[in-house]
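Contents: one structure, followed by commentary.
Number of protein chains: 2
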Amino acid sequence: MRVLLTNDDGIFAKGIEALYEALIAEHDVVVVAPETEQSAVGHAITFLDPLRVKPVKRNGAFFGHACSGTPADCVKLAIRELVRPLPDVVVSGINLGANVGINVLYSGTVSAATEGAILGFPAVAVSIDSFEPSDFSAATDAVLRILERIERFGLPRGVSLNVNVPNVPASQVRGMRVTRQGRLTYQESYDRRVDPRNRVYYWLTGNIVETENSPDADVQALADHYVSVTPIQHDLTHYAMLEELKHWGLEAESGPGDFFLAPAQSK
Amino acid sequence: MRVLLTNDDGIFAKGIEALYEALIAEHDVVVVAPETEQSAVGHAITFLDPLRVKPVKRNGAFFGHACSGTPADCVKLAIRELVRPLPDVVVSGINLGANVGINVLYSGTVSAATEGAILGFPAVAVSIDSFEPSDFSAATDAVLRILERIERFGLPRGVSLNVNVPNVPASQVRGMRVTRQGRLTYQESYDRRVDPRNRVYYWLTGNIVETENSPDADVQALADHYVSVTPIQHDLTHYAMLEELKHWGLEAESGPGDFFLAPAQSK
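Chain order of the listed sequences is A and B.
Note that UniProt numbering has the first sequence beginning at 1, numbered continuously upward.
Note that UniProt numbering has the second sequence beginning at 1, numbered continuously upward.
This is the structure we're talking about:
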């Protein structure tokens, strides 16, 4: 397949290099990745500023295009402008640090895959549950197996796969588990500090204090040393709440002109 | 109620001022909003850099705290550190430009409300379908009515409301409609330009080419001149796809040690 490869740790990160090396053995790979680390940018896109693109070499040979934007920008720019012929699949990673539970929402790695799905391409995000992994082979192997399945079965339009790999040697990975986004609760706080010019600044810090231990939750699959595979979509509607909201009487007040006759704002 | 008010157009924007003026007539309001415009930042949060906070005056009186981060940062910092007693509800807006369809995902306005919901607070995002609105009264009136309902009925933990207001005079608003996130298709491209130093840059541009015209879609409610109210959540799992993925045979290959015995990566 023709693979568009990106990430959020930046084009010079180890994880994207390991994935590139694994992918080129079987696929045609084009890299468009952020020039600098873009962790926790979520689904940010850039339109107030222009984007710039630079060729990047690794080990003396052309490796890919470094883009000044976010992971979602990289995918959008690649597909709308830079990469022809178009890719068959978008792959994002390997991210350092798991993207499970609520972190899925903050993740630039996942948002790159989501952007691929929005634009109509099958997409895979892959992360490893470590900030200093000794070995990427379980992750690269998982991606190759999943790409083989995508080639065989396809993915419905708008769906991407969020893959998380436990931080154990490949031989100790117990297999794959299809999961849903689990619950993860952080105890967060801000370190209040004072800079050398006596001005206050705040730095986010936090620890996970509670994780969901249902076996079908992404967080628990990782804890059980399984590769977690979660299908992801981008409709944020809370469908169960739709019906309940209809009993709030908001719609009942409807009627041409009579709803907003008495605006509450008095300036 | 005690309202934490934020936005993504920045603390000096007109929309947040109009909403502040309307809210203080009935509620206790504390403003923590981005120092600068943060459109399309999605659910970005800042942890690689510190955040700074400055008091901001408007018309000679204290208006609120300007924060150097994103809308989600503002809510997190407010709730975890700055604002005591804690708010009863988080309100984000009034954004210039509708946040319907896929734009919900890119929206900093919506992500501020989502962050409030993640942290356990009821939350409302409000946007107006215009970049140059002449009148915010339909939007402020809608927010006040919705806050009254939230006070009466509550919102389940993790749910926020995404409110979009049509760009018509308040007397022409036809009422409110409870909606789901609709489909919106953009024809996007990048303008390829050359800077004065002869370097290429790309600027995102695009037009909506197709919108979903089902009456329960947020996009259509706006087009019909209704205020659209969509319940939003942050579980991105595609539940229908979960079952299908289980037939991909990925899990069947599971078993201690035998799945990853032959890593595909050969470096």
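Virtual Cβ for every residue (Gly too), placed ideally from N, Cα, C.
- Item | Residues bridged to Ala217/A (per DSSP) | Arg180/A
- Query: With burial defined as no fewer than 16 other Cβ atoms inside 10 Å of the residue's Cβ, what is the status of Arg180/B: buried or exposed?
  - Reply: buried
- Interface partners of Ile45/B on chain A, CB under 8 Å: Ala40, Gly42, Tyr106 and Leu204
- Task: Can you grab the Cα-Cα spacing for the pair Pro256/B / Thr140/A, in whole Å?
- Result: Reliability fails at Pro256/B, whose pLDDT of 48 lies under 50, so the model's placement of it is uncertain and the value that follows must be treated cautiously. Approximately 18 Å, taken between the alpha carbons.
- Using 10 angstroms around the beta-carbon of Tyr226/B, count the other beta-carbons present and answer buried if the total reaches 16, otherwise exposed. buried
- Is any beta-carbon of chain B found at less than 9 Å from that of Ser214/A? For Ser214/A, not one C-beta of chain B is nearer than 9 Å to its own C-beta.
- Item | Amino acids of chain A, ordered along the chain, whose beta-carbon sits closer than 8 Å to that of Val229/B | Here the neighbours are Leu245 and Leu250.
- For Pro256/B, which three-state DSSP category applies? Any answer about Pro256/B is weak, because its pLDDT of 48 lies below 50 and its placement is not dependable; what the coordinates show is given next. Reduced to three states, the DSSP call for Pro256/B is coil.
- Message: Extract the residue ranges of the beta strand (DSSP E) inside the stretch 71-115 of chain B, only unbroken runs of 3 or more that lie entirely within it.
- Response: 89-96
- Query: So, is the C-beta of Gly175/A closer than 9 Å to a C-beta in chain B?
  - Reply: Output row for Gly175/A: interface = yes.
- Item | Cβ-Cβ distance between Asp73/B and Phe121/B below 9 Å | Result no, Cβ atoms of Asp73/B and Phe121/B do not sit closer than 9 Å.
- Could you list which residues in chain A have their beta carbon closer than 9 Å to that of Tyr20/B, in chain order? Per Cβ cutoff of 9 Å: no residues; Tyr20/B is ~11 Å from chain A at best.
- In the structure shown, what three-state DSSP assignment does Arg174/A receive? coil
- Item | Any non-hydrogen atom of the ligand GDP within 8 Å of Pro50/A CB | Looking for the ligand GDP in the displayed structure turns up nothing, as the structure carries no ligands at all.
- Item | Any chain A beta carbon closer than 9 Å to Asp129/B | no
- Query: If you follow the beta strand (DSSP E) that Phe63/B is part of, which residue opens it and which one closes it?
  - Reply: Where Phe63/B is concerned, the enclosing beta strand (DSSP E) starts and stops at Ala61 to Cys67.
- Item | Buried or exposed by the 16-neighbour rule on C-beta atoms within 10 Å, applied to Phe153/B | exposed
- contact_flag[the stretch 164-178 of chain A, the stretch 43-57 of chain A] where n(CB pairs < 8 Å) is 3 or more: No, the stretch 164-178 of chain A does not touch the stretch 43-57 of chain A.
- Task: Jot down the residue ranges of each uninterrupted beta strand (DSSP E) in the stretch 16-55 of chain B, minimum 3 residues, whole runs only, in chain order.
- Result: 28-34
- DSSP state of Asp191/A, grouped into three classes? strand
- Task: Buried or exposed for Glu210/B, please, with buried defined as at least 16 other CB atoms from any protein chain shown within 10 angstroms of its CB.
- Result: exposed
- Task: Following the continuous alpha helix (DSSP H) through Val143/A, name the residue where it begins and the one where it ends.
- Result: Looking at the DSSP string, the run of the alpha helix (DSSP H) that includes Val143/A is Ser137 to Phe153.
- Would you give the residue range spanned by the beta strand (DSSP E) that Tyr201/B belongs to? Val200 to Thr211
- Sort Phe62/A, Leu147/A, Ala221/A and Leu161/A by Cα distance to Arg183/A and report the nearest one. Ala221/A
- Item | Contacts of Gln181/A in chain B (Cβ-Cβ under 9 Å) | His234, Asp235, Leu236 and Thr237
- Task: Anything in chain A within Cβ reach of Phe100/B, meaning under 8 Å, just list it in chain order.
- Result: Rather than Phe, the amino acid found at residue 100/B in this sequence is Val. Going along chain A, no residue has its Cβ under 8 Å from Val100/B, so there is no contact; the nearest lies around 11 Å.
- Item | C-alpha distance - Ala252/A paired with Lys246/A, whole-angstrom precision | Each residue's Cα considered, the two are about 9 Å apart.
- Message: Bridge partners for Leu4/B per DSSP, in chain order?
- Response: Leu4/B pairs with Val30/B and Val90/B.
- Task: Taking only beta-carbon positions, decide if Met241/B is within less than 9 Å of chain A.
- Result: yes
- Item | For Leu161/A, the first and last residue of its enclosing beta strand (DSSP E) | Boundaries of the beta strand (DSSP E) harbouring Leu161/A: Ser160 to Val165, taken from the DSSP string.
- Does any CB atom of chain A fall closer than 9 Å to the CB of Pro114/B? As written in the sequence, residue 114/B is Thr, which differs from the Pro given in the question. It does; some Cβ of chain A falls within 9 Å.
- Task: Can you tell me which of Ile208/B, His27/B, Asp9/B and Glu243/B puts its alpha carbon nearest to the alpha carbon of Met1/B?
- Result: His27/B
- Query: I think Phe136/B touches Ala13/B, with their Cβ atoms under 8 Å apart; what is that distance to the nearest whole Å?
  - Reply: Not really, about 11 Å apart at Cβ, beyond 8 Å.
- Task: Could you confirm whether any beta carbon from chain A is found closer than 9 Å to the beta carbon of Asn162/B?
- Result: Chain A contact via Cβ: present.
- Task: Output yes if chain B places a C-beta closer than 9 Å to the C-beta of Pro156/A; else output no.
- Result: yes
- Task: Inspect the beta-carbon positions of Ala138/A and Val110/A and report whether they are closer than 9 Å.
- Result: Taking 9 Å as the Cβ cut-off, Ala138/A and Val110/A do not qualify as a contacting pair.
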